[in-house]
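J.: Just so you know, the protein sequences line up as chains A and B, in that order.
Anchor point for the first sequence: position 25 equals 25 in our numbering, and the numbering is continuous, going up by one each time.
Anchor point for the second sequence: position 46 equals 46 in our numbering, and the numbering is continuous, going up by one each time.
We treat Cβ as the ideally placed atom computed from N, Cα and C, and that holds for glycine.
Since the structure is predicted, the reported quantities are computational estimates derived from the model, not experimental observations.
One structure is given below, represented as structure tokens, and several questions about it will come after.
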Amino acid sequence: GAVVSQHPSRVICKSGTSVKIECRSLDFQATTMFWYRQFPKKSLMLMATSNEGSKATYEQGVEKDKFLINHASLTLSTLTVTSAHPEDSSFYICSASNRGGLASEQFFGPGTRLTVL
Amino acid sequence: GNSVTQMEGPVTLSEEAFLTINCTYTATGYPSLFWYVQYPGEGLQLLLKATKADDKGSNKGFEATYRKETTSFHLEKGSVQVSDSAVYFCALSTNTGNQFYFGTGTSLTVIP
């Protein structure tokens, strides 16, 4: 099956620093990638949708200048949390699709646990 | 709007017990419904899905039936195993877009 990896799996950073999270589709070309955020005991919430070679589409309430998304190739998307604050601490999950983002074709990464001190 | 409500866990069962995890939804239009499973340290994996009313999704002994009249998609398994221990997410996707709406997840632990 399709495999999606994320790196790092865990990261701890100081307040005010920036953190980059990578999402890679290992055995297929991902035309669309999605970034989700999960709070403890809460649902996964879609943050943004990115298509290769174009700007990401952010969900309402998500600061695009704070959560920078780049989808420069068909196998890699990155999420950069800029000037991180403790309230950014969360579990970030990406998913990838090679069928234009149809719901049944999304494959999820294992997630990245971000802790901001 | 669109939302999914899932029974809260954690759920602890003995091996070979019957499992039900309740899921109800609110949606505009005609959504597709999914169950995803997340094993420790791994990503979400599609367990089963149903795309229209009365469809039954099934996989690995798990089943769920798309009930439009009760807006439900409850997950069931007749005899759970220790290897079924994981977090289970109910989700919907509207047919007009590609966004998932997830439930909060239900942690299942099966003890020998």
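If contacts are defined as beta-carbon pairs under 8 angstroms, then residue 4(A) and residue 90(A) qualify, I think. What distance do you get, rounded to the angstrom?
T.: As a working mapping, residue 4(A) is identified with position 4 in the first sequence. As a working mapping, residue 90(A) is identified with position 90 in the first sequence. Their Cβ separation, rounded to whole angstroms, is 19 angstroms, which puts residue 4(A) and residue 90(A) out of contact at 8 angstroms.
J.: In three-state DSSP terms, what is residue 80(B)?
T.: Here the question's residue 80(B) lines up with position 80 in the second sequence. Three-state result, residue 80(B): coil.
J.: Buried or exposed: residue 31(B), going by 16 or more other Cβ atoms within 10 Å of its Cβ?
T.: The sequence position of residue 31(B) within the second sequence is 31, counting from 1. By the 10 Å Cβ count, residue 31(B) comes out buried.
J.: Would you mind sorting residue 28(B) into buried or exposed? The rule is 16 or more other CB atoms within 10 Å of its CB.
T.: The residue labelled residue 28(B) in the question sits at position 28 within the second sequence. Answer is exposed; the Cβ neighbour count stays below 16.
J.: Locate the beta strand (DSSP E) running through residue 47(A), then write down its first and last residues.
T.: Within the first sequence, residue 47(A) is the residue found at index 47, counting from 1. It spans 44-51 - the beta strand (DSSP E) in which residue 47(A) sits, taken as one unbroken run.
J.: Let me see if you follow: with CB-CB separation under 8 angstroms, is residue 109(A) close to chain B or not?
T.: Sequence index remark: in the first sequence, residue 109(A) carries index 109 (1-based). Yes, because at least one Cβ of chain B sits closer than 8 angstroms to the Cβ of residue 109(A).
J.: Which stretch, first to last residue, makes up the beta strand (DSSP E) that contains residue 56(B)?
T.: Taking the first residue of the second sequence as 1, we reach residue 56(B) at position 56. Note, residue 56(B): beta strand (DSSP E), 56-59.
J.: Quick one: Cα of residue 58(B) to Cα of residue 23(B), how far?
T.: Within the second sequence, the letter at position 58 stands for residue 58(B). Within the second sequence, the letter at position 23 stands for residue 23(B). For residue 58(B) and residue 23(B), the distance between alpha carbons rounds to 16 angstroms.
J.: Return yes when the Cβ of residue 12(A) is within less than 8 angstroms of the Cβ of residue 115(A), no when it is not.
T.: What you label residue 115(A) is simply residue 115 of the first sequence in a count that begins at 1. What you label residue 12(A) is simply residue 12 of the first sequence in a count that begins at 1. Yes; because the gap between Cβ atoms is below 8 angstroms, this pair is in contact.
J.: Taking the alpha-carbon positions, what's the residue 57(A) to residue 76(A) distance?
T.: Reading the first sequence from its first residue, position 57 is the one you call residue 57(A). Reading the first sequence from its first residue, position 76 is the one you call residue 76(A). Going by the C-alpha atoms only, they are around 17 angstroms apart.
J.: Just tell me which of 3(B), 5(B), 18(B) and 2(B) has its CA closest to the CA of residue 84(B).
T.: The residue labelled residue 84(B) in the question sits at position 84 within the second sequence. Residue 84(B) has its Cα closest to that of 18(B), out of 3(B), 5(B), 18(B) and 2(B).
J.: Hey, would you say residue 9(A) sits closer than 8 angstroms to residue 113(A), going by beta carbons?
T.: Residue mapping note: residue 9(A) aligns to position 9 of the first sequence, counting from 1. Residue mapping note: residue 113(A) aligns to position 113 of the first sequence, counting from 1. The Cβ-Cβ distance between residue 9(A) and residue 113(A) falls below 8 angstroms.
J.: Does chain B have any CB closer than 8 angstroms to the CB of residue 44(A)?
T.: Translated into the one-based positions of the first sequence, residue 44(A) becomes position 44. True, the Cβ-Cβ gap to chain B drops below 8 angstroms.
J.: Please name the residue, chosen from 44(B), 108(B) and 33(B), that lies closest to residue 77(B) on a Cα-to-Cα basis.
T.: Sequence index remark: in the second sequence, residue 77(B) carries index 77 (1-based). Ranking 44(B), 108(B) and 33(B) by Cα distance to residue 77(B) puts 108(B) first.
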